[in-house]
Amino acid sequence: MADKKKLKLAICRGATCSGCDIAVLDIHEKLLDVLEAADIVFAPTLIDVKYKDVEAMEDNEIDVCLYHGAVRDSENEHMAKVMRQKSKILVAFGACACFGGIFGLGNVSNKEGIFEEVYKKTASTDNPEYVTPQTKHVDKEGHELTLPRFYDDVFTLDDKVDVDCYIPLCPPTPDQIMTALTAIISGNIPPKGAVIASEKTLCSECDRTKSTDRKIDRIYRPHEIEIDQEKCMLDQGLLCMGPATRAGCGTICIKANVPCRGCNGPTKEAFDQGGNMLNLIATIFDIEEENLTEEDIMKIAKQIKDPLGTFYRFTLPKSMLRRVRIGGSSK
Ligand code: SF4
Ligand code: SF4
Ligand code: SF4
């Protein structure tokens, strides 16, 4: 290993909670194996390297870049483009980079709506002149200060740059990270566009007992019932996203008796995770289709609290909806 040329690894952040940075550290002592094979040359959360250092690198000088977070502002987009230019393999790392993730729920509003909420309406805000972040400010001494431009929309990484492969989950598990890094380190580069996760649905790796003819008469929230730990959550009326979600996480939430929220994203077949799940819910209500009244539909709909946050919690920017229309505009 000592004679072998070490790879150059970068970890870049977009609009992120940094959980994905911590996920890399969660591989624990295996990190030593990674560091034996690769030098981390850029990772703002972990080491003191400046943007200008990476901007000064040769094109394709970095072997692999894990980019986590969505693209929410001009700085995120700039760094996505820099990392694309400087990296041989660019990986969308985590649900936010792959599908928009939790940050993608910002697409229910736009810049104006978010600024108004944050800088005006929140109870703790004291901002009578409604001062909002500006992209440029010149202080009394004439120094020009700049801030990134906040976009109306949240974008996925591949909305802005070409992506080589995807590691979803929120955040990726140590197993997934090691599978991907081991493959890359040993030269087994995943095919272009590969998603490092199973092609099957989460239900296929879930060992709970499932009914063959699933029917429910109402939807429960997890705190409303005592959840049977052996039985499928959907059979118990709980909204589990398993049927529309890729397997690969080891059903970690299900094992903790928590319904899946879909952070591994849709399977290839499901494509639109939320739409797929809504379809399924419509078919499992114990009402004959010909007897289904408008009142029944409203009754079902009312039971689903926060439908967008339930069905598109991680994938709104990547879904067919992409965003909620604001005032007749969807820009
Ligand atoms: S995928 Fe999850 S852990 Fe990673 S940045 Fe997004 S919210 Fe954070
Ligand atoms: S719906 Fe959820 S609980 Fe039921 S089998 Fe699928 S993953 Fe398991
Ligand atoms: S069970 Fe669902 S929400 Fe939990 S980690 Fe797996 S894919 Fe994500």
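Take any residue in the sequence shown, note its place counting from 1, add 34, and you have its number in the working numbering. For glycine and all other residues, C-beta sits at the position ideal for the given N, C-alpha and C. Owing to the predicted nature of the structure, the values given are computational and were not obtained by experimental measurement.
- Under the Cβ criterion (8 Å, minimum of three pairs), the stretch 254–274 does not count as touching the stretch 108–115.
- Only exposed fits N222, as fewer than 16 other CB atoms lie within 10 angstroms of its CB.
- In terms of CA proximity to H171, L181 leads the group R47, L181, M212 and K333.
- Residue burial annotation: H102 is buried, with at least 16 other C-beta atoms found within 10 angstroms of its C-beta.
- With a beta-carbon spacing of about 15 Å, Y153 and T169 fall beyond the 8 Å limit used to define contacts.
- At a threshold of 8 Å, G140 does not count as near ligand 1, since its beta carbon sits no closer than that to any of the ligand's heavy atoms.
- The Cβ neighbour count for S353, taken over all protein chains shown within 10 Å, is at least 16; the residue is labelled buried.
- For V68, the enclosing alpha helix (DSSP H) starts and ends at K64 to A71.
- Selection around ligand 1 by beta-carbon proximity, strictly under 6 Å to any non-hydrogen atom, yields T50, C51, G53, C54, H102, G103, G128, A129, C130, G135, I136, C204 and P205 in chain order.
- D251 has its alpha-carbon roughly 53 Å from the corresponding atom of F76.
- The shortest CA-to-CA distance from T349 to any of F319, E328 and A304 is the one to A304.
- Apart from the 5 residues on each side of it in sequence, G271 sits with its Cβ closer than 8 Å to the Cβ of I250, D251, R252, I253, Y254 and I259 in its chain, given in chain order.
- For L59, the enclosing alpha helix (DSSP H) begins and ends at G53 to L59.
- K333 and I318 have their C-alpha atoms spaced approximately 14 Å apart.
- These are the residues, in chain order, with a beta carbon less than 6 Å from any non-hydrogen atom of ligand 2: L236, C237, C240, R242, K244, C266, M267, L268, C274, G276, P277, I288 and C294.
- If only uninterrupted alpha helix (DSSP H) runs of at least 4 residues are considered, those enclosed by the stretch 155–237 are 191–194 and 208–219.
- Here G343 is exposed, its C-beta having fewer than 16 other C-beta atoms within 10 Å.
- Following the DSSP letters along the chain, one finds A126 inside the beta strand (DSSP E) bounded by residues S121 to F127.
- In this chain, C274 is not harboured by any alpha helix (DSSP H), its DSSP state being neither H nor E.
- DSSP places D87 in the helix class (H, G or I) of the three-state scheme.
- Here D198 has I123, L124, V125 and K226 as same chain residues with Cβ atoms under 7 Å from its own Cβ, once five neighbours each way along the sequence are excluded.
- Between I288 and C294, the C-beta spacing is below 9 Å.
- In the structure shown, the three-state DSSP call for F319 is strand.
- With contacts defined by Cβ atoms closer than 9 Å, M212 and I74 do not form a contacting pair.
- Contact annotation, G282 with A231: C-beta distance approximately 4 Å; criterion of less than 8 Å satisfied.
- Within a 10 Å sphere around the beta-carbon of S121 sit 16 or more other beta-carbons, which makes this residue buried.
- A residue is called buried when at least 16 other Cβ atoms come within 10 angstroms of its Cβ; Y164 does not meet this threshold and is exposed.
- The residues H171, in chain order, have a CB closer than 6 Å to that of L179 in the same chain once the five nearest residues on each side in sequence are set aside.
- Counted as a single uninterrupted DSSP element, the alpha helix (DSSP H) harbouring D330 occupies residues E328 to Q337.
- At the C-beta level, T279 and T243 stay beyond 9 Å of one another.
- Only residues of its own chain outside the window of five on either side were considered, and among them M35, K38, K40, L41 and I219 have a CB closer than 8 Å to the CB of A71, listed in chain order.
- Within the DSSP bridge table, the entry for D107 names F184 as partners.
- Per DSSP, the beta bridge partners of H102 are R47 and F127.
- D330 has its alpha-carbon roughly 43 Å from the corresponding atom of S52.
- Within the same chain, Q119 and K120 come within 8 Å of D93 by CB-CB distance, once the 5 residues on both sides are set aside.
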